[in-house]
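Each residue of the sequence shown is one higher than the one before, starting from 73 at the first, in this note's numbering. Yeah, the Cβ is synthetic: ideal placement off N, Cα and C, and Gly gets one too. All of these numbers come straight from a predicted model, not from anything done at the bench.
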Amino acid sequence: MDPGSLLLEAANWSTIAACLVLKLPQGAALVAARSARGVSLESLLLELGGFLVCLRYMSYYHYPQLTYIEYPLMIMQDIILCLLVLHFNGKMKHALPYTVIADILLGAGLVI
Numbered sequence: 073m074d075p076g077s078l079l080l081e082a083a084n085w086s087t088i089a090a091c092l093v094l095k096l097p098q099g100a101a102l103v104a105a106r107s108a109r110g111v112s113l114e115s116l117l118l119e120l121g122g123f124l125v126c127l128r129y130m131s132y133y134h135y136p137q138l139t140y141i142e143y144p145l146m147i148m149q150d151i152i153l154c155l156l157v158l159h160f161n162g163k164m165k166h167a168l169p170y171t172v173i174a175d176i177l178l179g180a181g182l183v184i
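Dropping the structure here:
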């Protein structure tokens, strides 16, 4: 293996590792404070939408999976943060429409 491809491989895996823990500090802070004060649900949903668009684009055009594998990791963390924000704001009932929309999109094959 030449040094260039070894460096590229290390960069890919370090990006994936960083994305695995990207949102953990924010989630830990929400749980520790038992409050979602200062965290905007709208901004989380906007970020989630952006990640979903990028993931769909890259999968639709058949990019190599290693080039976009971090998006599902970040999407999963954003969904957990959204649920924490809804829970700590006392609006967990509002999670149901988002869940139904996600189920419809996933079932129709429109996402991922």
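Which residue spans inside the stretch 82 to 143 form an unbroken beta strand (DSSP E) run of at least 3? Listed in chain order, nothing qualifies, since the stretch 82 to 143 has no complete beta strand (DSSP E) run of 3 or more residues.
Would you mind giving the Cβ-Cβ distance between leucine 156 and valine 103, rounded to the nearest angstrom? I have them listed as a contact below 8 Å. Here residue 156 refers to the residue found at position 84 of the sequence shown. Here residue 103 refers to the residue found at position 31 of the sequence shown. With a Cβ gap of about 7 Å, leucine 156 and valine 103 count as contacting.
Taking just the CA atoms, how far does glutamine 98 sit from cysteine 154? Numbered from 1 along the sequence shown, position 82 holds the residue referred to as residue 154. Numbered from 1 along the sequence shown, position 26 holds the residue referred to as residue 98. Roughly 11 Å between the two C-alpha positions.
Inspect the beta-carbon positions of tyrosine 143 and leucine 127 and report whether they are closer than 7 Å. Position 71 of the sequence shown, counting from 1, holds the residue named residue 143. Position 55 of the sequence shown, counting from 1, holds the residue named residue 127. It is a contact, given that the beta carbons lie within the stated cut-off.
I need the DSSP call for glycine 162, collapsed to helix, strand or coil. On the sequence shown, position 90 is the one that residue 162 refers to. Residue state, collapsed to three classes: coil.
Determine the closest residue to aspartate 150 out of Tyr132, Ile176, Ser115, Thr139, with distance taken between C-alpha atoms. In the sequence shown, counting from the first residue as 1, residue 150 sits at position 78. The candidate whose alpha carbon is nearest that of aspartate 150 is Ser115.
Please say whether phenylalanine 160 and serine 112 have beta carbons closer to each other than 7 Å? Start at 1 with the first residue of the sequence shown, and residue 112 comes out as number 40. Start at 1 with the first residue of the sequence shown, and residue 160 comes out as number 88. For serine 112 and phenylalanine 160, no; Cβs fall outside 7 Å.
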